[in-house]
Amino acid sequence: MVHQLPELPYAKNALEPHISAETLEYHYGKHHQTYVTNLNNLIKGTEYEELPLEAIIQKSSGGLFNNAAQVWNHTFYWNCLKPNGGGEPTGALAEAIDKKFGSLAAFKEEFTKCAVGTFGSGWGWLVKNADGSVELMSTSNAGTPMTSGKTALLTCDVWEHAYYIDYRNARPKYVEAFWNLVNWDFVATQYA
Amino acid sequence: MPSTLLTPHQNRRQFLTTLLVGSSALAFGGLIGSRPAHAADGPFKLPPLPYADNALEPAISARTIGFHYGKHHQGYVNNLNKLVAGTPLAEQSLEVVIKATATPDQTAIFNNAAQVWNHTFYWNSLKPKGGGKPSGALAETIDKSFGGFEQFKTEFAKAATSQFGSGWAWLVKDGDKLAVVRTGNADTPLVHDQKPLLTVDVWEHAYYLDYQNRRADYVTAVLDTLINWDFAAQNLVS
Chain A
1 MVHQLPELPY
11 AKNALEPHIS
21 AETLEYHYGK
31 HHQTYVTNLN
41 NLIKGTEYEE
51 LPLEAIIQKS
61 SGGLFNNAAQ
71 VWNHTFYWNC
81 LKPNGGGEPT
91 GALAEAIDKK
101 FGSLAAFKEE
111 FTKCAVGTFG
121 SGWGWLVKNA
131 DGSVELMSTS
141 NAGTPMTSGK
151 TALLTCDVWE
161 HAYYIDYRNA
171 RPKYVEAFWN
181 LVNWDFVATQ
191 YA
Chain B
1001 MPSTLLTPHQ
1011 NRRQFLTTLL
1021 VGSSALAFGG
1031 LIGSRPAHAA
1041 DGPFKLPPLP
1051 YADNALEPAI
1061 SARTIGFHYG
1071 KHHQGYVNNL
1081 NKLVAGTPLA
1091 EQSLEVVIKA
1101 TATPDQTAIF
1111 NNAAQVWNHT
1121 FYWNSLKPKG
1131 GGKPSGALAE
1141 TIDKSFGGFE
1151 QFKTEFAKAA
1161 TSQFGSGWAW
1171 LVKDGDKLAV
1181 VRTGNADTPL
1191 VHDQKPLLTV
1201 DVWEHAYYLD
1211 YQNRRADYVT
1221 AVLDTLINWD
1231 FAAQNLVS
């Protein structure tokens, strides 16, 4: 089975001014596409060839894991964002966040710390545990919550390629802007 | 010969031994290896860049150097000074700090200290109108270790492009032979009992403004036009 680069759920300039069209040209059009291309090349003629993406991620290691997980992580990231996003979560998700962090403001502060403090390339996550509780997670490089048995709810890509064109070394400014883009409806569907 | 993938905190027993016998002087020891003078903003200083910020153009732009040296390298120096303030580490040389903090419970200090060292070593690994080929004893040792200079270049470029995520590619002296290794994030051959001869930074911030996702083009440009082989030769014999 050939894995495809999923359509970006909005136009490349739709996240401006927080994330530029130029960034998405490279981030989606080059980085994400390259992970898809590498994945397809790596599974050719192997036991992974007919497996769905999640199964490859759970079973593989090394270069194959890196490319498969990066395909998944990036698709998830695009879905976590939307033009005119931000605001507040509602319902059961909001309750779970309040229960863990005390308030949305406290959650945002802790998530920001987690994302900004991820050393090197990686991802900051809000994840759901089997008991319905939520927590923060930082993964390095292609690391992804599903291999720890956790459900991803929200992610912020903190590889430098996610923000270098727009923010240079100022990762905290990128994460601050990220809050204006969060697609809380998508996060809620992952929590449900 | 495959490149070696180093994992952080390997050889801890060995680095402790190294620490006890004292750290070896490196060719640029005068810049950052010696005990730093104290100043209001902390014991560790950003060493001067050994050339003008536009001197590496066109392979690396002044704009990249402005951020890479002026913001990233300076940021690691600032963080390190904050982290060691009021601790015995503030009295130590950078190399001693790196070796003493290569443990899982001191990653913040290690990351910043090693990144200060790695970046200084990187700037010294480059020079305007560099590249070309090494000569003398270094050329002979490269031939002996890799089978030829072209083989070395191929292996080095492969290590630099295949380091997944942030990190560094290195030419090191490992015992009596040379090897190409790659390290992730702030990891450095200093804590793996290897003597660095030269390095290329493959964190995305090293090349993103000039090459975006095209890391391989950056690595080729650096190898062909910027490598300071005199610096590598000094490190071989020092």
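Protein sequences, first through last, are from chains A and B. For the first sequence, the numbering used here gives the first residue as 1, with consecutive numbering after it. For the second sequence, the numbering used here gives the first residue as 1001, with consecutive numbering after it. Yeah, the Cβ is synthetic: ideal placement off N, Cα and C, and Gly gets one too. Keep in mind it's a predicted model, so treat the numbers as computed, not measured.
9 Å Cβ cut-off: residues of chain B touching residue i
i                       : result
glycine 120 (chain A)   : Asn1111, Gly1165, Ser1166, Gly1167, Gly1184, Asn1185, Ala1186 and Trp1203
glutamate 160 (chain A) : Ser1166, Trp1203, Glu1204, His1205 and Tyr1208
lysine 30 (chain A)     : Gln1212, Asn1213 and Arg1214
Spatial neighbours of residue i in its chain, beta-carbon cut-off 8 Å, leaving aside the 5 residues before and after
i                         : result
tryptophan 1117 (chain B) : Ile1032, Leu1094, Glu1095, Ile1098, Thr1188 and Leu1190
glycine 143 (chain A)     : Ala69, Gly122 and Trp123
threonine 1220 (chain B)  : Ala1157
serine 187 (chain A)      : Note on identity: in this sequence residue 187 (chain A) is valine, with serine being the wrong assignment. Same-chain partners within the cutoff: Cys80, Pro89, Leu93, Leu126, Leu153 and Leu154.
asparagine 1228 (chain B) : Asn1124, Ser1125, Leu1126, Lys1127, Gly1130 and Leu1198
isoleucine 57 (chain A)   : Phe65, Ala68, Ala69, Trp72, Thr144, Met146 and Thr147
leucine 1209 (chain B)    : Ser1061, Arg1063, Thr1064 and Phe1067
alanine 1040 (chain B)    : For alanine 1040 (chain B), the predicted model reports a pLDDT of 46, less than 50, meaning its position is unreliable; a value from the coordinates is still stated below. There are no such residues.
Collapsed DSSP secondary structure at residue i in the structure displayed
i                            : result
valine 1202 (chain B)        : coil
serine 1003 (chain B)        : Confidence is the limiting factor: at serine 1003 (chain B) the pLDDT is only 40, short of 50, which leaves the residue's position unreliable, though a coordinate-based value still follows. Note: serine 1003 (chain B) maps to coil in three-state DSSP.
glycine 1075 (chain B)       : helix
arginine 1182 (chain B)      : strand
leucine 1094 (chain B)       : helix
alanine 1062 (chain B)       : helix
aspartate 1193 (chain B)     : coil
tryptophan 1168 (chain B)    : strand
aspartate 1174 (chain B)     : strand
valine 1084 (chain B)        : helix
valine 2 (chain A)           : coil
phenylalanine 1231 (chain B) : helix
histidine 194 (chain A)      : Given a span of 1 to 192 for chain A in the structure shown, any question on residue 194 (chain A) remains unanswerable.
Limits of the alpha helix (DSSP H) - the one that residue i falls within
i                           : result
lysine 113 (chain A)        : 104–116
serine 1145 (chain B)       : 1136–1146
arginine 1215 (chain B)     : 1215–1225
leucine 93 (chain A)        : 91–101
alanine 1157 (chain B)      : 1149–1162
leucine 154 (chain A)       : Not the alpha helix (DSSP H): leucine 154 (chain A) falls in the beta strand (DSSP E), residues 151–157.
tyrosine 1252 (chain B)     : Residue 1252 (chain B) is absent from the model: chain B starts at 1001 and stops at 1238.
asparagine 1112 (chain B)   : 1107–1125
phenylalanine 178 (chain A) : 171–178
asparagine 66 (chain A)     : 62–80
leucine 42 (chain A)        : 33–43
leucine 24 (chain A)        : 21–26
lysine 53 (chain A)         : The displayed chain sequence assigns leucine, not lysine, to residue 53 (chain A). Note, leucine 53 (chain A): alpha helix (DSSP H), 53–59.
threonine 46 (chain A)      : Threonine 46 (chain A) -> no alpha helix (DSSP H), and no H or E assigned at all.
aspartate 185 (chain A)     : 184–191
tyrosine 1208 (chain B)     : 1208–1211
Contact list for residue i against chain A, beta-carbon separation under 9 Å
i                        : result
histidine 1119 (chain B) : The contacting residues do not exist; histidine 1119 (chain B) stays about 13 Å from chain A at best.
glycine 1075 (chain B)   : Asn169
Under 8 Å by beta carbon: chain B residues contacting residue i
i                      : result
tyrosine 164 (chain A) : Glu1204, His1205, Tyr1208 and Leu1209
tyrosine 26 (chain A)  : Gln1212 and Asn1213
Listed by chain order, chain A residues near residue i by CB distance under 7 Å
i                            : result
phenylalanine 1067 (chain B) : Arg168 and Asn169
histidine 1072 (chain B)     : Asn169
Cβ neighbours of residue i in the same chain (closer than 6 Å, five flanking residues each side left out)
i                        : result
lysine 1144 (chain B)    : none
lysine 100 (chain A)     : Val134
isoleucine 165 (chain A) : Glu22 and Thr23
serine 20 (chain A)      : Asp166
valine 225 (chain A)     : As displayed, chain A neither begins before 1 nor continues past 192, which places residue 225 (chain A) out of reach and without an answer.
alanine 1186 (chain B)   : Asn1111, Ala1114 and Gln1115
Terminal residues of the beta strand (DSSP E) in which residue i lies
i                       : result
aspartate 166 (chain A) : Counting along the chain, aspartate 166 (chain A) falls outside any beta strand (DSSP E), though it belongs to the alpha helix (DSSP H) covering 164–167.
glutamate 196 (chain A) : With chain A represented from 1 up to 192, any question about residue 196 (chain A) goes unanswered, as that position is not in the structure.
lysine 128 (chain A)    : 122–128
Same chain only: Cβ atoms within 7 Å of residue i, ignoring 5 sequence neighbours per side
i                            : result
glutamine 33 (chain A)       : Leu5
leucine 1171 (chain B)       : Phe1156, Leu1178, Val1180, Leu1197, Leu1198 and Ala1232
glycine 63 (chain A)         : Leu42
tyrosine 1211 (chain B)      : Asp1217 and Tyr1218
valine 158 (chain A)         : Ala115, Thr118, Gly122, Trp123, Gly124 and Arg171
histidine 27 (chain A)       : His161 and Ala162
phenylalanine 1044 (chain B) : Pro1036, Val1077, Leu1080, Asn1081, Leu1094 and Val1116
alanine 1113 (chain B)       : Leu1080, Leu1094, Val1097, Ile1098 and Thr1101
aspartate 1174 (chain B)     : Gln1194
serine 60 (chain A)          : Tyr48 and Ala68
Per-residue contacts from residue i into chain B (C-beta, under 7 Å)
i                        : result
serine 20 (chain A)      : Those do not exist, as serine 20 (chain A) stays about 13 Å from chain B at its closest Cβ, beyond 7 Å.
asparagine 141 (chain A) : Phe1164 and Gly1165
is_contact[residue i, chain C] using C-beta, thresh 9 Å
i                        : result
threonine 1220 (chain B) : Protein chains A and B are contained in the structure displayed, whereas chain C is not.
Check: residue i C-beta below 8 Å from any heavy atom of the ligand NAD
i                    : result
glycine 45 (chain A) : The ligand NAD is not among the ligands present in this structure, which contains no ligands whatsoever.
### Task
Check distances from the C-beta atoms of the stretch 53–71 of chain A to those of chain B and list, in chain order, the residues that come in under 7 Å.
Asn66
### Query
Just by C-beta distance, which residues in the stretch 33–45 of chain A are closer than 8 Å to chain B?
Thr34
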